[in-house]
Amino acid sequence: MKTNIDTRKNTHSILAPSSKEWIHCGYSAKFLANKGDETNDASEFGTECHALAEAYIRQSLNLIDYDATETVSTDELKASFKHYDDEMEQLANGYANFVISTVSFEERRTGVKPIVFVEQLLDLDYAPDTHGTADTIVIAGDTVTVIDNKTGRIKVDVKDEATGELNSQLAIYGLYAYKLFEKAYPINKIRLVIYQERVNNISDITLDKEDLLEWEVSVLRPAAKEAQKENPQAISGSHCKYCPGRNVCRQRAEDELKVAESIKRVDLMTDAEIEELLPKLDGLVSYIEDIKEYAQRKAINGKKWKGYKLVE
């Protein structure tokens, strides 16, 4: 099995699949435009873990990277990492084994060796200069399987149980994997899989191609169009926690403060009022913590907040 990977530099895309917020709030694109390529220990760990898993998958499935300029052993790769440890080894092996077992299952199911693509760059046409990288794509029979490797500690699902919404990042990958290969392979079904070794989570869903094409028309395209407007609509919600503008967004402040205003009356609240308030409190608590963290970070960098000072 061979793979032809586009290894162009993965530059920052404003409406990237990994940026969940613009799907729900077009105004977040203004913050995303100034975000740049942020990095931290967790994101660096994830990047290195993906690279190690990719090496193991290529080695086990004998996948050839024709664009590679030099051959690097897994030991050399590990030595180059900043965050390599036993946990990374476990996470990379777990994901690689899952991909290998998926490929083996698809071969038994169809009787034909699947086509496998690892770290496949996808050009996305819902917005200018937009792209994303699918961790693994497996094509077997009439099904394309897109597997996303998550290294975080917060459980992520392909479909939100409460809202019924598809995970937008994986839905985009599935949609454009289908579009990339539809003329070469008789794809009728798209299987979306999230593999999360750290929290023992495997979440998957299989969609008919018509379902994903309908999602493109009803959800993806309208959201991207709104986000590209000069004055897109601001909509607050649980998605705000991912937005780089979550600490300074006026819409979020107004909406969360309305919740606080609703409990300022001096008379005692009824049980019914408490029940109505309970589902709104998580957003308010999250907002409060975000503002405190933002103010503290600014203070550490020299900002003087009236009436406050830094203490150890």
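Quick note on numbering: numbering that gives the first Met the number 0 labels position 155 of the sequence shown as 154, and the sequence is numbered without any gaps. Yeah, the Cβ is synthetic: ideal placement off N, Cα and C, and Gly gets one too.
Item to complete: Please state whether DSSP places Glu292 in a helix, a strand or coil.
Response: Look at Glu292 here: in three-state DSSP terms it is helix.
Discussion item. For a test of the three-state rule: what should DSSP assign to Lys8, helix, strand or coil?
Written reply: Residue confidence for Lys8 is low, a pLDDT of 41 falling below 50, so the modelled location carries little weight and cannot support an answer.
Worksheet item: Anyone know if the C-beta pair for Leu211 and Ala170 falls short of 8 Å?
Response: yes
Worksheet item: At which residues does the beta strand (DSSP E) containing Val192 begin and terminate?
Response: 188–195
Discussion item. Whether or not the stretch 221–231 and the stretch 176–191 are in contact is what I'm after, with contact meaning three or more pairs of Cβ atoms, one per stretch, closer than 8 Å; do they touch?
Written reply: No, because fewer than three Cβ pairs between the stretch 176–191 and the stretch 221–231 fall closer than 8 Å, the two stretches do not touch.
Practice prompt. With a 10 Å radius around its C-beta and 16 neighbouring C-beta atoms as the bar for buried, classify Asp289 as buried or exposed.
Written response: buried
Practice prompt. Please name the residue, chosen from Thr129, Ile153, Gly140, Leu256, that lies closest to Tyr172 on a Cα-to-Cα basis.
Written response: Thr129
Discussion item. Please state whether the Cβ-Cβ distance between Val258 and Leu283 is less than 8 Å.
Written reply: yes
Worksheet entry | Cβ-based neighbour list, Leu31, same chain, cut-off 6 Å, excluding 5 preceding and 5 following | Ile13, Ser18
Discussion item. Tell me which residues share the same chain as Glu317 and place their Cβ nearer than 8 Å to its Cβ, disregarding the 5 neighbours each side in the sequence.
Written reply: The requested residue 317 is not part of the displayed model; the chain covers only 0 to 311.
Discussion item. Taking the beta strand (DSSP E) that Ser27 belongs to, which residues open and close that run?
Written reply: Note, Ser27: premise wrong, no beta strand (DSSP E); alpha helix (DSSP H) at 27–31.
Worksheet entry | Residues sharing a beta bridge with Lys158, DSSP | Leu165
Fill in: First through last residue of the alpha helix (DSSP H) which encompasses Asp40
40–60
Worksheet item: In this structure, does DSSP put Ala183 in helix, strand or coil?
Response: coil
Worksheet item: Closest by CA to Glu43, which one among Met87, Val111, Ile234?
Response: Met87
Item to complete: Using only alpha-carbon positions, find the residue among Val157, Cys239, Leu51 that is nearest to His23.
Response: Cys239
Item to complete: Report the residue from Asp85, His82, Pro16, Lys29 whose alpha carbon sits nearest the alpha carbon of Asn230.
Response: Asn230 has its Cα closest to that of Lys29, out of Asp85, His82, Pro16, Lys29.
Worksheet entry | Enclosing alpha helix (DSSP H) for Phe104 [first to last residue] | 85–109
Worksheet item: Going by beta carbon distance, what residues of the same chain come within less than 7 Å of Cys48, once the five residues before and after it are set aside?
Response: Met87, Leu90, Ala91, Thr150
Fill in: Under the three-state DSSP convention, the category Ile138 falls into
strand
Worksheet entry | Pick from Lys158, Ser167, Ala176, Val155 that is closest to Leu121, judged by C-alpha positions | Ala176
Fill in: DSSP state of Gly282 mapped onto helix, strand, coil
helix
Worksheet item: Got a sec: does the ligand ATP put a non-hydrogen atom nearer than 7 Å to the Cβ of Ala223?
Response: Of ligands this structure carries none, so the ligand ATP is not represented either.
Worksheet entry | Burial state of Leu267, where buried means 16 or more other Cβ atoms lie within 10 Å | exposed
Worksheet item: If we ignore side chains and look at the alpha-carbon of each, how far apart do Lys158 and Ile189 end up?
Response: 14 Å
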